[in-house]
């Protein structure tokens with residue numbers, strides 16, 4: 012993310028489910044789970060080394076965790092090679108066949124660059 016305090020995050024991940032119900036685990040290079048996210052309609056939970064935190068939805072969770080709402084529903088389409096639009100976001104699927112997806116959010120602030128590299 013760009014802004015007054017740019018930040019970045021890099022890890023391996025395992026994703027299961029769909030935009031409505033699913034789980035996402037982030038791991039470091041040693042395979043240690045750094046965070047686990049689970050979501051269902053009406054609830055999203057973030058589990059880190061501290062206690063679990065519950066949010067009303069994935070928009071609220073991603074805003075808390077990443078500092079910006081991420082388009083979770085569209086992200087599932089992008090992973091399938093479908094360039095589903097999301098307001099303020101530009102997605103680049105030109106390297107999706109090689110397992111690379113990038114997206115950029117211009118508005119609202121802060122700007123966000125999202126880069127995904129998939130192992131196939």
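In the numbering used here, the protein residues as written are 12 to 131. Just so it is clear, CB atoms sit at the ideal spot from N, CA and C, and this is done for glycine as well.
By the C-beta criterion, the segment 27-44 is judged to be in contact with the segment 82-90, since at least 3 inter-stretch pairs fall below 8 angstroms. Pairing residue 63 with residue 100, the inter-Cα distance amounts to about 30 angstroms.
Secondary structure note for residue 103: its beta strand (DSSP E) is the uninterrupted segment 100-103.
For residue 51, the closest C-alpha among the options 43, 130, 35, 115 is that of 35. Looking only at 94, 74, 96, 33, the smallest Cα-Cα distance to residue 120 is reached by 74. Among the bridge pairs identified by DSSP, residue 125 is matched with 114. Around the beta carbon of residue 71, fewer than 16 other beta carbons sit within 10 angstroms, so the residue counts as exposed.
When the Cα atoms are used, residue 112 and residue 55 turn out to be separated by approximately 24 angstroms. Residue pairing for residue 54: DSSP places it in a beta bridge opposite 51.
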